[in-house]
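Read through the structure below, which is laid out as structure tokens, and then see the notes.
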Amino acid sequence: MAEVTVKELADTVGRPVETLLAQMGEAGLNHKKATDAVSDSEKQQLLAHLKRAHGEQAGEPRKITLQRKTVSTLKTSAATGGRAKTVNVEVRKTRTYVKRSVLEEQEDKVREAEEAKRLEAEAAVRQAEEAKQAAIDAEKRAAEDARVAAAEEEARKAAEEARKQLGNEPKDSRKLSVPKVDVKRLETPEEKARREEEAAKARAADEVRKRQEDVVRREAEEKAREKTLEQAQKIAAELAVRKEDGTAAAPTDAPLARGLVGVAYEDSFAREDREIKRGGGTNARGGKKGPKKREEQAFRQTPRTLTSALSKKHGFEKPVEKQVYEVAIGENIVVSDLAQKMARKSRDVIRVLMKMGEMVNESQSIDQATAALVVEEMGHTAVFVSDNALEDSLMDSIVDHGDDAPRAPVVTIMGHVDHGKTSLLDAIRRAKVAAGEVGGITQHIGAYHVETPRGMVTFLDTPGHAAFTAMRSRGAKATDIVILVVAADDGVMPQTAEAIDHARAANVPLIVAINKMDKESADPDRVQNELSAKGVVPEDWGGDTQIVKLSAHSGDGIDNLLDAILLQAEVLELRASTKGAAQGVVIESRIDKGRGAVATLLVQKGTLKKGDLVLAGTMYGRARALTDENGKLVKAVGPSMPVEILGLPEAPGAGDEFLVVADERKAREVAEFRLARDRQVRMDMQQAMKLENVFANMGKKEAASVNIVLKADVRGSLEALTAALHDLGTDEVVVKIVSSGVGAIAESDVTLAESTGSVVLGFNVRADNGARAKCQNDGIDLRYYSIIYELLDDVKAAMSGLLSPERRENIVGMAEVREVFHSSKFGHAAGCMVLEGSLFRNKPIRVLREDVVVFQGELESLRRYKDDVPEVRHGMECGLAVRGYKDIQAGDKIEVYEIQIIKRSL
Ligand SMILES: Nc1nc2c(ncn2[C@@H]2O[C@H](COP(=O)(O)OP(=O)(O)OP(=O)(O)O)[C@@H](O)[C@H]2O)c(=O)[nH]1
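Heads up: the sequence shown at position 351 corresponds to 351 in the UniProt record's numbering, and the numbers run straight through without jumps.
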């Protein structure tokens, strides 16, 4: 570029010369005058200095956005009769200029330089080619000139010859008009033919070469494929040999192993595709992918090579050595939990259990010993742990001071209604408790301790046996001795028999008190006979039961009874420590309006003091006040003493164990733990009580027998059933009739069934409301039968574990007969109220009188007012007639049922 003077430059940039000179001086240039020349490089130097000086390097703006706004007006012509409108139109334009960075500029410069070089090179090549072409052209032109000169010479010679022949003076040949020969090079036909021939030859050669290349390529491909096949077959053969030798696991690429390479190919492709689609293939990079992306991947061309099980081997190595786990087992463990602890499937564990003769499903629990066998069978190590670690630690924390000392026996008095339980207790206590009772019937469970001249005895006075059994069912043994009161004039009655069953089930010694001996009608021998028939054989008759004849009225024989009690207590060697934190059992509890929860506790060990923190079952609280049975406040009570306490948040259950704890936090933890455990136990019980599970439960300690509570309509059928059921027993399985009786199924029957793990079978009898509700709540299996062999078949099936489909009766409705009237059409008709469910015209019915079946058949008619109806619902009145039954009475119940066939499973 040309140089300029300082002045010219100053003019160009619009600056005074002096300023420019000063800036040039700062830029390190030594220009002094306006006429000094400024070269291009000096200009660049000055420019660089100025940029630096203005700090443009760092914060120089890279982007400039220009906005331009133009406003114009637009006139619209009038539409239909309207006025013309002027519309302002504003146009806004935004333009962004992005300044290229210096680097970009440098890159551009480099690129430009390279481009320039490339262009130069191209130009040079072009020039060389042009020069070459020019040389060729020049040569051609020279040759042409030579040819033209030769032709002219020839023409001149020909003209000369002609002139000679004509005798004319020779003239300058150049002045002769000689026809001008066209000097343009024309291709001769020969040349054209040769050129075409050469082109054809070239094409043919090209064709041949292409074909040869094709053949060579195909041959190469064929060879490559053959080689691949060969390799694949070799791998397959090797794998097959290894499999035969047993030196390697069977290859998972089965088609490949069989030499079916094509199939293996396809399989591997399909697998690969599947994996890609799953997102787990070799191309998957992990992380979340949208469905579209996955789809794209699924179709992406992937390098497909022959894959085998070995080539696709996962990075994770399956452990070759078997893992041996330490399996922690509590007192019971659910099968699925056990399987999980061994990292096995539930069905594997069930299989092992079946081999051991245990039929369980995965949700059932098995005991510690059985679980340990399974664990060892499966090659692991069993570690026993206590389920009740929390409770254990709590118990450990209780310091047991003092040695055991003899303690008073705790006695429960049982017997049939009005046989004189309360009178007897009264006689013993010398207090007229019976006189103060409403209607003379004991209203609540009481506990009393009596100081007799021969020692202290604690009595539990219970109305029936519910509390006793409830306590037993919770595993608490509060009673040491049962006194069975039998009226000498009445003999063994249903509740007497029940009491015997309960005492036996609880394994508590029995002392029989034959009461009312003062009565003339007293017949103690008959009573003893009847007792013997029940398996209670008096000592006098060679048995082991003490029998005391007495009169609560006269007091005769009371001392003998106390003697018998204390003798029995001695035999039992009853002892307990009197010091340390108290432990015991809840006898009874209630909510008192003024005082809150009131619980009667029986201290069994240690001493209970006022202010102690009492943990009873699932609740805890401080014993605010201790009251004895006479309502007197006491400060402390020792073993075998009953006491009423206030201070618990709610009424605990009868039979709940209690203990005094020092640490409130621990009390809370244990209370919560017990709540959860009770829930589980309830669920397990519900399972175990089902007749279907009887067989499954066999082999466990308590289930080598089928336990039954049996109630029947009449003594005859009861005896027949009892005998038949006993006959079903084998060496391995026995039928144990825990209790049997005549009449409706009562709540106490269900309680007994609950505590003994029995099923309740009713033969032509029904459960009363309380019993039915209890069965439902506690999951006790309650079944009704009206055909003996059906009952026997079910029990037999339960014993053998081969349960045929169950024919279960569902009671769908119940109505009470309110009034009976005569109908000319139907004879005796009954006006009824539907109490439960619905009555159906076409379903089978039974007539019940005091919950005992008196007739079984079907309805003759079912009417609402005057209309025949197929169904009458709960809460409605209806009229009905029973086909073939005339003896219908007011108060009878009509039960409608249906038969349901249920497939059973163990
Ligand atoms: N003659 C006679 N009557 C007695 C004797 N013992 C009790 N009785 C009477 O039998 C009836 C029932 O006595 P209770 O002591 O209330 O009988 P219970 O077994 O406690 O009755 P519940 O509380 O209803 O279970 C009362 O009328 C007593 O007077 C006795 O030794 N001789």
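Every residue gets a Cβ at the ideal spot worked out from N, C-alpha and C, and that includes glycine.
#### Entry: Beta bridge counterpart(s) of G455 as assigned by DSSP
Here residue 455 refers to the residue found at position 455 of the sequence shown. BP columns for G455 point to T452.
### Query
By Cβ distance, which residues of its chain are closer than 7 Å to I737, with the 5 residues on each side in sequence left out?
Here the question's residue 737 lines up with position 737 in the sequence shown. Taking I737 as the centre and dropping the five residues before and after it, the same chain places the C-beta of I708, L710, T722, L725 closer than 7 Å to its C-beta, in chain order.
### Query
Could you give the residue range of the beta strand (DSSP E) that holds G621?
If you number the sequence shown from 1, residue 621 lands on position 621. DSSP places G621 in the uninterrupted beta strand (DSSP E) bounded by 619 to 622.
### Task
With A53 as the anchor, note down where its alpha helix (DSSP H) starts and where it stops.
Sequence index remark: in the sequence shown, residue 53 carries index 53 (1-based). Start and end: 40 to 53.
### Message
Tell me the rounded alpha-carbon separation between residue 982 and Y620.
### Response
The requested residue 982 is not part of the displayed model; the chain covers only 1 to 906.
### Task
Assess, as a yes-or-no matter, whether the stretch 480 to 489 is touched by the stretch 507 to 514 under the definition of 3 or more beta carbon pairs within less than 8 Å.
In this structure the stretch 507 to 514 lies against the stretch 480 to 489, because at least three pairs of beta carbons, one per stretch, are closer than 8 Å.
### Message
Suppose you measure from the CA of V208 to the CA of R225; what does that come to, to the nearest Å?
### Response
Locating residue 208 in the sequence shown gives position 208, counting from the first residue. Locating residue 225 in the sequence shown gives position 225, counting from the first residue. Pairing V208 with R225, the inter-Cα distance amounts to about 26 Å.
### Message
Residues in the same chain with beta-carbon distance under 8 Å from K292, minus the five sequence neighbours each way, listed in chain order, please.
### Response
As a first step, residue 292 must be located in the sequence shown, where it is residue number 292. Confidence at K292 is low in this model, with a pLDDT of 44, below 50, so the placement of that residue should be treated as unreliable; the coordinate-derived value is given next. Nothing listed; no residue qualifies.
### D556: CB within 6 Å of a non-hydrogen atom of ligand 1
Translated into the one-based positions of the sequence shown, residue 556 becomes position 556. Not under cutoff, so the answer is no.
### Task
Give the C-beta separation of N560 and L567 to the nearest angstrom, bearing in mind that I take them to be a contact with Cβ-Cβ under 8 Å.
Indexing the sequence shown from 1 puts residue 560 at position 560. Indexing the sequence shown from 1 puts residue 567 at position 567. At roughly 10 Å, the Cβ-Cβ gap does not stay under 8 Å, so N560 and L567 are not in contact.
### Query
Among all the DSSP beta bridges, which residues are the ones paired with H822?
As a first step, residue 822 is located in the sequence shown; it is residue number 822 there, counting from the start. Its beta-bridge partners are H828.
### Query
What separation, rounded to the nearest whole angstrom, lies between the Cα atoms of K635 and L626?
For the purposes of this step, residue 635 is taken as the residue at position 635 of the sequence shown. For the purposes of this step, residue 626 is taken as the residue at position 626 of the sequence shown. One Cα belongs to K635, the other to L626, and the distance between them is close to 6 Å.
#### Entry: Segment contact, 8 Å Cβ cut-off, at least three pairs: the stretch 524 to 533 with the stretch 445 to 459
No, because fewer than three Cβ pairs between the stretch 524 to 533 and the stretch 445 to 459 fall closer than 8 Å, the two stretches do not touch.
### Message
Between which residues of its own chain and M876 is the CB-CB distance below 8 Å, once the five residues before and five after are set aside?
### Response
As a working mapping, residue 876 is identified with position 876 in the sequence shown. Here the set comprises M833, V834, R864.
### Message
Counting beta carbon pairs with one atom in the stretch 652 to 667 and one in the stretch 572 to 582, are three or more of them shorter than 8 Å?
### Response
Judged by Cβ distances under 8 Å, the stretch 572 to 582 makes contact with the stretch 652 to 667, as three or more pairs qualify.
### Task
Find the nearest neighbour of R407 within the set A676, V765, M641, G891, judged by alpha-carbon distance.
Your numbering for residue 407 matches position 407 in the sequence shown. That would be M641, whose Cα lies nearest to the Cα of R407.
### Query
Roughly how many whole angstroms lie between the Cα atoms of R665 and G743?
Counting from 1 along the sequence shown, the entry for residue 665 is found at position 665. Counting from 1 along the sequence shown, the entry for residue 743 is found at position 743. Roughly 50 Å separates the two Cα atoms.
### Task
Can you tell me which of the three DSSP states T545 falls into?
Mapped onto the sequence shown, residue 545 falls at position 545. In the structure shown, T545 adopts extended strand secondary structure according to DSSP, grouped into three states.
### Task
Please state whether DSSP places D892 in a helix, a strand or coil.
For the purposes of this step, residue 892 is taken as the residue at position 892 of the sequence shown. If DSSP states are grouped into helix, strand and coil, D892 belongs with coil.
### Cβ shell of R846 (< 6 Å), same chain only, five flanking positions each side left out
By 1-based counting over the sequence shown, the position of residue 846 is 846. Setting aside the 5 residues that flank it on each side, R846 is surrounded in the same chain by V853, Q856, E895, each with a C-beta closer than 6 Å to its C-beta; the list follows chain order.
### Task
State the Cα-Cα distance for the pair G837 and D794, rounded to the nearest angstrom.
Sequence index remark: in the sequence shown, residue 837 carries index 837 (1-based). Sequence index remark: in the sequence shown, residue 794 carries index 794 (1-based). G837 and D794: Cα-Cα distance of roughly 27 Å.
### Query
Can you tell me the Cα-Cα spacing of G535 and D556, whole angstroms?
Residue 535 sits at position 535 when you count from the first residue of the sequence shown. Residue 556 sits at position 556 when you count from the first residue of the sequence shown. Rounded to the nearest whole angstrom, the CA to CA distance from G535 to D556 is 27 Å.
### Query
Can you pull the DSSP bridge partners for Q528?
Against the sequence shown, residue 528 aligns to sequence position 528. The partner list for Q528 (beta bridge, DSSP) is empty, contrary to what the question assumes.
### Message
Determine whether the beta carbon atoms of E858 and P870 lie at a separation below 7 Å.
### Response
Stepping through the sequence shown from its first residue, residue 858 is reached at position 858. Stepping through the sequence shown from its first residue, residue 870 is reached at position 870. Using a Cβ distance threshold of 7 Å, E858 and P870 do not count as a contacting pair.
### Task
Answer yes or no: the CB of K516 versus the heavy atoms of ligand 1, is any distance below 6 Å?
Position 516 of the sequence shown, counted from the start, is the residue given in the question as residue 516. Yes, since a heavy atom of ligand 1 falls inside the 6 Å radius drawn around the Cβ of K516.
### Task
With T496 as the anchor, note down where its alpha helix (DSSP H) starts and where it stops.
Counting from 1 along the sequence shown, the entry for residue 496 is found at position 496. It spans 494 to 506 - the alpha helix (DSSP H) in which T496 sits, taken as one unbroken run.
### Inside the stretch 757 to 804 only - alpha helix (DSSP H) runs reaching at least 4 residues
Secondary structure remark: continuous alpha helix (DSSP H) runs of at least 4 residues inside the stretch 757 to 804, in chain order: 769 to 778, 788 to 800.
### Query
For D418, is the beta carbon positioned less than 6 Å from some heavy atom of ligand 1?
Along the sequence shown, one-based indexing puts residue 418 at 418. Flag set: Cβ of D418 near ligand 1.
### Task
Mind reading off the beta-carbon distance from E3 to S39? Whole number of angstroms is fine, and I expect it under 8 Å.
For the purposes of this step, residue 3 is taken as residue 3 along the sequence shown, with counting starting at 1. For the purposes of this step, residue 39 is taken as residue 39 along the sequence shown, with counting starting at 1. Indeed they touch by this definition, with Cβ atoms about 5 Å apart.
### Message
Cutting at 8 Å between CB atoms, please list the residues of its own chain near A142, excluding the five before and the five after it.
### Response
Here residue 142 is taken as the residue at index 142 of the sequence shown, counted from 1. So the list is empty, once near-sequence residues are dropped.
### Task
Say yes only if the C-beta of K519 is nearer than 6 Å to one or more non-hydrogen atoms of ligand 1, and no if none qualify.
Sequence index remark: in the sequence shown, residue 519 carries index 519 (1-based). Yes, since a heavy atom of ligand 1 falls inside the 6 Å radius drawn around the Cβ of K519.
### Query
Would a C-beta distance cut-off of 7 Å place D592 and V586 closer than the cut-off?
Here the question's residue 592 lines up with position 592 in the sequence shown. Here the question's residue 586 lines up with position 586 in the sequence shown. No, they are not a contact pair.
#### Entry: Bounding residues of the beta strand (DSSP E) (the contiguous stretch that carries D367)
Position 367 of the sequence shown, counting from 1, holds the residue named residue 367. Per DSSP, D367 is one residue of the beta strand (DSSP E) stretching across 365 to 367.
### Message
Would K7 and V17 qualify as a contact pair, given that the criterion is a beta-carbon distance under 7 Å?
### Response
Here residue 7 refers to the residue found at position 7 of the sequence shown. Here residue 17 refers to the residue found at position 17 of the sequence shown. Yes, these two residues count as a Cβ contact at 7 Å.
### Task
Can you give me the start and stop residues for the alpha helix (DSSP H) that S551 sits inside?
Mapped onto the sequence shown, residue 551 falls at position 551. Segment: none, S551 is in no alpha helix (DSSP H) and carries neither H nor E.
### Query
Excluding sequence positions up to five away, which residues of its chain have a Cβ less than 8 Å from the Cβ of A564?
Counting from 1 along the sequence shown, the entry for residue 564 is found at position 564. Counting only Cβ-Cβ distances below 8 Å, and skipping sequence neighbours, we find I511, Q546, V548.
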